[in-house]
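S.K.:
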Amino acid sequence: MTGWRIGYIATRNEAITKLMLLGNYTQTAGVTTFIQYAATETLNNREESEKAIAAMVKE
61 MTGWRIGYIA
71 TRNEAITKLM
81 LLGNYTQTAG
91 VTTFIQYAAT
101 ETLNNREESE
111 KAIAAMVKE
């Protein structure tokens, strides 16, 4: 997945309010749909994804 970039923030509501003052962190602009789907799949199947990544790194 070289070149694929996506991020997320999980925190308490008051912290999000402060982050929003720094910029727009609720957008998906620039993140293509297939990358968003790949990230969702990875997060929903974390254990399986971690094993697959570990196997690729080991090679």
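Residue numbers for the sequence shown follow our numbering, beginning at 61 and rising by one.
Using N, Cα and C, we set each Cβ at its ideal position, and we do this for glycine too.
In this structure, does DSSP put E119 in helix, strand or coil?
M.R.: Here E119 sits in coil by DSSP.
S.K.: Pair every Cβ in the region 74-81 with every Cβ in the region 101-113, then say whether three or more of these pairs are closer than 8 Å.
M.R.: Verdict: no, contact absent.
S.K.: Could you tell me whether the Cβ atoms of R65 and I113 are closer together than 9 Å?
M.R.: Their beta carbons are not under 9 Å apart, which means R65 does not touch I113 by this criterion.
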